[in-house]
Structure formats: C-alpha cells, structure tokens
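Report on the following structure.
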Amino acid sequence: MAERYVMALDQGTTSTRCILFDRNGRLVSVTQREHKQHFPRPGWVEHDAMEIWRNLERIAPESIAQAGATPDQVAALGIANQRETTVLWDRHTGRPIGRAIVWQDTRTDTLVDELSRAPLAETIHERCGIPLATYFSAPRIRWLLDHTPGLRERAERGDVLFGTMESWLIWNLTGGPAGGSHVTDVTNASRTLLMDLTTLDWDQGLLDFFGVPRAMLPEIWPSTAVYGAATHVLPGVRIAAALGDQQAALFGQTCFAPGEAKCTYGTGSFLLLNTGTAPVRSTHGLLTTVGYKIDNEPAVYALEGSIAITGALVQWFRDGLGIIGSAPEIETLARTVDDNGGCYIVPAFSGLFAPHWRSEARGIIVGLTSYITKGHLARAVLEATGWQTREVVDAMNADSGLALKALKVDGGMTADNLLMQFIADVLNVPVVRPMAAETVSLGAAYAAGLAVGYWPDLEGLRRNWHRAGQWQPAMDPVHRANEYDNWRRAVERTFDWIRPSRQHSPEGTGA
Amino acid sequence: MQSIERAAAILRLLARGSGRLGVGEIAGSLGLARGTAHGILRTLQRVGFVEQDAATGKYQLGAALLHLGTSYLDVNELRSRAINWADALAARSGEAVRIGTPLDGQVLVVHHVFRPDDTLQTLDVGTLMPLHATALGKVLLAYDAGAVAELIPFSRRTITSPRALARALAEVRETGWAAEVEEFTVGEAGLAAPIRGYGGLVVGAMGVSGAVERLCDAQGRPRSQLMTYVRDAARAVSRDLGASRW
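Chains as they are written, first to last, in the working numbering: chain L, 1 to 511; chain R, 1001 to 1246.
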C-alpha cells in the first residue's frame, strides 16, 4: 500500500504554507506563498482574502506533487490560521466584503474606547477570558457593519458571513457559494469576544453588546473532528482539524499536560501554558483561552502571553528601513557589534499586548547617540524580542505561582542563534528547540491525524518529540538586572502616545 | 552560448549611463526581440545580477554583482533556509546533523541539530573543524578549486598526503558525497553532501556524524541508506536555494 500522509495548512500573517507529514511527524514536502500586506493608513493592516484563497489553491496541489504523491494518499487535512483576523464575505457570490482586517490592526481603538465605558463592559473579561481590546475580532465586525452601507441588513438576513481565516478557507474548500460549510473551531471562536469560555457557545449578551447578528456567525466545532470532505482543490480529502496557529503550536509541541508551555516566535510571539480542563483567570495581564478540544472530550484551556511585534520588527527593519536584505541577515548585522551600545527599541507598533495591554502606546527607539550604528540597532531589534518574552514569563510565573524551568520554543526566529542565546540569558533558564521547528503545521497535522485515526493517541505523538537544540543561560546577573531596568524604562516611555480625542481619522467617530 | 553573450551585453548596457532601463529600451538597444530580452532579464534577476524597480518596472544592476568576490549567501540565511531539512535529516537518520561553510581554511559550523535521543548534547554552532579530516570539509574542498587545507594528522587514519587527498576529492566529485571514518576522532564517522545554490554553485555542506558502528557496516563502509538520507536532504535545501538540477 502506498504511504499515506497528513497535510497541514498554516495560513499565517505573512504567508500560507502547506506541509505534508509522515507517520513519524517528519516533514515530507513544503510549499509556501507570501501574500501582500496592505497598510492603507497608520495603524491599519489588511489582507486580501481572495489572494490567500488563490495561494492555497496553488500550494496545496504543489505540496502533493513535490512529495511524489496523489491526493488519495492524503489521510486528512488540518488547518492552523492567523487568529482574530476578520473576513466578511457574501454567501451568494463568495466575494469578500473589502479586505480582511488583520489582528495587528488598531482602527477600532476609538470604538473600543467607547464600548469600554458601557456598563456591561466589565463583565466581558469574566465571560470570554480576554479583555475588550482592538486585538480581537468582535470590534472589527462591528466596525465593518458600521462603515459599510447596507451591510448590517445583509448580515441580519444571513447573506453576509463572518469568519476568521479557517472559516473562510473551509467554506471555500467545501464548495463556497454552492453549499460550503460555515464553521469555526473553539480555539478561534475563543478569540472573538463573542464566545462564553465555559459553555463554548456564542453568548447572546455579548452579541447584543457588540451589535453582531447571530445569522452571520459560523457554527462552533471542536478543534479535532471530521468537518467534512473537501470538494475543491483537494476533492475527497477530509478536513479533520482547525486550530488557531498558537494553539496548534501548543499541540505540535505536545504540551498535553497542565504546566507544559511553549513560545512560538513568528510575526508576533505567543507563550501558551496548558492549564488543564479548567480556565485559569489571570491577574497579571495574560489571556485565558481555549488550548484545544478533541471531539467530545472536555476542552483544555491555556494561559497566553501575546506579544504583538517580534519578527515583524525584523521585517520592518528589512522592508520599512531597507537596512538588511533578508530577515536572517539581522543576526549577521547584530554580530558586527558586541552589545546594544545603550540603544533600545520598543516595537509598540500596534500598542503593547501582554502584559501591558496599552493600545495607546506607540513604538520608540531610545538611547540614540552618535555612537549608535546599524549593528547596534540590529542588536536592539533582537533584544526587544528577548525582553518582551521576559515580561510575559514574569507574568506567567506570578499567575501560576510556579517558576518556569525551561522554555520550549519554535517558529522561524528559532533559526537565529544570537536571539535564542539572548532569550536564555534574560530568562535565566535553558531554551529548548524541538526537532520540528514547524510546530504550528505539525500541531494542525497531529490534530487532524488524531481525528481520522492516522495516529492513535496523544502518547504516541509525544514520543515523536525530540530536542534539536538547547541554549544555556550565561549572562552576568548584575548585567541582566541593569539591562532589564533599562528596558522597562524604555517601555514606560511608549505609554500615552495616542490620544483618542485628537484622532483625525474621518471614520474615527464610531457608531 | 549566444544567451551568455546577450546577458553580458545587457549587464554592460545597464552599467552605462543612468542605469535604469525598461525591457523595451534594452531590447531596442541590443536589437533583440522583446521576449528574448525579457527572458534573459528574468534569469539575471533570479541570480541577483539585475533588480527590477517595483514602481516603474525598470531594470538596474543588482546588489549581488557588487558582492561577487565575497560569499554571496549569508550563513544565517543558509541556516534559516536549511533548518527544516536539517531537522528532518536528524529525525530520519537518528544522528546529529551539521551544516558547514568554508572559513579561513577550516569548516565553520553554521548549524547543528542534536542527535534525536534526548541525551545531553551541546550546540557547537560557530566552532571550526579541519577541512581535510571531516566529511563536511571534504565536500567543501572538492567543489572549491581555490581552497587549501593544512594536512595536520588527527588520528592514524587522517589523510596527510596531498596525492591521497586529491584522489579522495576526485571521488567526492564523482559520487556527490563524502565520508570520513575515524579520520578526525577515533570511534566517530561522518557523511556529507553538497548544498548548491543558483547554477549549481556549492554554498555549503550538510552531513551527519556519530559512532562509527552506527554509520558504517561491518566492512567499515558508510551505510547506503544513511547516504541516501544525507543526499536527499542536501538536495532539498539546494532546491529551495534555487539550484534547479540537483
């Protein structure tokens, strides 16, 4: 019998990747396409959902061809996606309503500010596990309904659908306008501000609060379940899992037991700690979120420290400033100097996420002197990722009452040795990279493979995990303390930059 | 060969004057069909010798031309592009994986993946190894006519005669892989294959190393299955880097 594989689709912030894995969780083929980032105004970030769908149409068959396989050798498809990015589309034509509003977009800041003054606002964090912030989907849906003439009526009639990227892709894969399934999974739904974290269903009170018609919402499914067979692109292939990308990475790192944590370094960075079947409420600026839900089993929850800008700062250094030609060159440039020269960059491009949650903060470079070269700036770029991790780990330790003993890492930035060493240095714990750096894809594949019986159980998946690299802390404690102090003073200087009352955006008036 | 002459003419044309020309202007100047000029420009663009301005669509000389003398692939870029395949190779072979590039007559380890048995191991990225006594080094020597190694003995089996080394390197070029059995450390062996970039240029070597009884058969020859894994992984990286034939 021919070898069978599981396919993972990782619909990320900058690209869409398609990876085939074999039974040992080993990578067989990889295809990838980047999509365009649209920045129409300061603080606005958009994607073309149609471009992303076309990319998928192209790379999925390519990955099968690259492996020398045929679609019937694909046992199941698992999807991991950029979370909170909001797509609205017409059910009848399949055309998106404008561009998708990306998770980094802060156009809803005035709206969020207004909503937060309503009496019900205080109960939101308790119901959803996440605070009312521009980061999540519901304010974006509301913004689109408010700013597109006639849209609310169409949404109420069910002619316009909402989804995060996994919903958009599954709907298209299962037929689109010709009867596509309009579904989401619990992990993605837990990022909307519309789902009750304990019932795992849409909450009418929250729908009313945000003014979102129920008719436009997808049905909430477990993360691991057979959603149906694809009719387009991969006809007959079973779609068997969907998870937000960070939850997929938690799954791919096999953090199945309470107390196990991972941090994924991509465009942003996200530290998730498995807290078991009961949601743990944070008092230190972390999010409570669904980690995963396997079929009919109880949901597993996680505490999350979200950092908006880490790899995106390197991309800005490359694309915005043109100082480097490719992202990995940041390490080469940073190694031309021995330290940051007293320079710090706080990348509050979309405000600051965990543990600060300051949407009015904006980025700064401090400590500039004539001494500073582009090498020092490159150091400061990498160090920003290290210190932001430290802040989140401190919050995690405080919330859980336990001290992190080692950090499991993954994601594209783990190829940067200087950065990994710096993270070990500032956390003062070993940093461990698993043999599969593509844990987001691996997690989606694992979840899908479990659903169709390609893999029997979680324990079997755990045995596939191996250490590929480890960095030991080696920083002088006094130096660490001084640098952390400098970083914190730099962070304070980003606060209170944007003043809502002075917003000049014509749409800034809200409803 | 005609296309090389035409490519050279395009580069000379772009090096002249203001340096930004549209495909029509280039075709007109050289008396080429527009499609021919476009095809050559696309290839030159892929190897980095010309760049196209996103806004105007005009072509100019590429940054890669300025760095022809220095290494054209950043080592951190190489690691980043190879990391997935290096992981897959370690998982398949069950051995530690290293990627090396030449540096001052030695092999610079630019990437290291632990042997997947979860024992205590230490990352040795940044360390240097001898060219003539390691499989990685032999690959780098075999495909770089200018490289010279100082033939220091590390064990009884280290190659120390220039003639023996020349024979070994010719064999590497013929087979497309290199082996080292107890030539650097007693009890250890290594296998490696070249990583190629555009046009087949060797930009590094990728290989496994470990206990000689695991890497070699009873006759002391490298296990062919392992060799296949190493070559497949190096080819996958080469493909990602744009080497079309390998």
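Idealized CB from N, CA, C, for every residue including glycine.
Per-residue burial, L:Phe422 [other beta carbons within 10 Å of its own, 16 or more giving buried]: buried
Report the CB separation of L:Arg17 from L:Val30 in whole angstroms; it is logged as a contact under 8 Å. 7 Å
Taking 7 Å as the threshold (beta carbon to beta carbon), is R:Arg1079 in contact with chain L? yes
Candidates L:Ala312, L:Ala380, L:Asn188, L:Ala241: which alpha carbon is nearest L:Gln82's? L:Asn188
6 Å CB neighbourhood of L:Leu271 in its chain, flanking five on each side removed: Cys263, Gly305, Val392
Name, please, each residue of chain R whose Cβ falls closer than 9 Å to the Cβ of L:Pro328. Asp1074, Val1075, Asn1076, Glu1077, Leu1078, Arg1079, Ser1080, Arg1081
So, is the C-beta of L:Thr332 closer than 7 Å to a C-beta in chain R? yes
Which stretch, first to last residue, makes up the beta strand (DSSP E) that contains L:Phe270? 269-276
Residues of the stretch 434-453 of chain L whose Cβ lies closer than 7 Å to any Cβ of chain R, in chain order: Met435, Ala436, Ala437, Glu438
Can you list, in chain order, the residues of its chain whose CB lies under 6 Å from that of L:Leu9, leaving out five sequence neighbours each side? Cys18, Ile79
Compute the beta-carbon to beta-carbon distance between R:Ala1142 and R:Gly1200, rounded to the nearest angstrom, for a pair I have assumed lies under 8 Å. That pair is no contact at about 13 Å.
Partner residues on chain L for R:Pro1102, Cβ-Cβ distance less than 9 Å: Ordered by position in chain L, no residue passes the 9 Å Cβ test against R:Pro1102, which lies about 16 Å from the chain.
For L:Asp476 and L:Ser181, what's the separation of their Cα atoms in angstroms? 56 Å
Run through DSSP, which three-state label would R:Lys1138 get? helix
Report buried or exposed for L:Tyr371, applying the criterion of at least 16 other Cβ atoms within 10 angstroms of its Cβ. exposed
To the nearest angstrom, how far is it from the Cα of L:Thr509 to the Cα of L:Asp113? For L:Thr509, the predicted structure reports a pLDDT of 42, less than 50, and the residue's modelled location is therefore unreliable. A value from the coordinates is still provided. L:Thr509 and L:Asp113: Cα-Cα distance of roughly 11 Å.
Proximity test, Cβ basis, 7 Å: R:Pro1153 and chain L: no
Write down every uninterrupted run of the beta strand (DSSP E) in the stretch 60-142 of chain L whose length is 3 residues or greater and which is fully enclosed by it, in chain order. 74-81, 87-90
Straight-line Cα distance separating L:Thr13 from L:Glu166: 13 Å
Do we get a CB-CB distance below 7 Å when we pair L:Gly386 with the residues of chain R? no
Using a Cβ cut-off of 8 Å, pull out every chain L residue sitting near R:Pro1116, in sequence order please. Met435, His466, Arg467, Ala468
Where R:Pro1153 and R:Ile1159 are concerned, what is the direct C-alpha to C-alpha distance, given to the nearest angstrom? 7 Å
If I follow the unbroken beta strand (DSSP E) through L:Tyr446, where does it start and stop? L:Tyr446 -> not in any beta strand (DSSP E); alpha helix (DSSP H) instead, spanning 439-451.
For the stretch 1012-1043 of chain R, which residues have a CB atom closer than 8 Å to at least one CB atom of chain L, in sequence order? none
Can you find a C-beta in chain R that's less than 7 Å from the C-beta of L:Leu27? yes
Using the rule of at least 16 other Cβ atoms within 10 Å of the residue's Cβ for burial, across every protein chain shown, is L:Lys405 buried or exposed? exposed
Buried or exposed, going by whether 16 or more other CB atoms sit within 10 Å of the CB of L:Ala403? exposed
What is the DSSP secondary structure of L:Arg502, counted as helix, strand or coil? Caution applies to L:Arg502, whose pLDDT of 49 falls short of 50 and renders its modelled position unreliable; the value that the coordinates give is listed next. It is helical.
Taking only beta-carbon atoms, is R:Val1113 less than 7 Å away from chain L? yes
Quick one: what's got a C-beta closer than 6 Å to L:Gly311's C-beta in the same chain, skipping five residues either side? Gly266, Thr267, Met413
Are the stretch 463-483 of chain L and the stretch 276-286 of chain L in contact at 8 Å, needing three or more beta carbon pairs? no
Compile a chain-ordered list of the residues in the stretch 314-328 of chain L whose CB is closer than 8 Å to at least one CB of chain R. Gly325, Ser326, Ala327, Pro328
Straight-line gap, L:Thr108 to L:Thr86 (C-alpha atoms, nearest Å): 12 Å
Taking only three categories from DSSP, how would you classify R:Ser1155? coil
Mapping the DSSP letters down to three states, classify L:Ala395 as helix, strand or coil. helix
Close beta carbons around L:Ala448, own chain, < 7 Å, minus the five adjacent residues each side: Val6, Ala76, Leu77, Gly78, Ala240, Ala241
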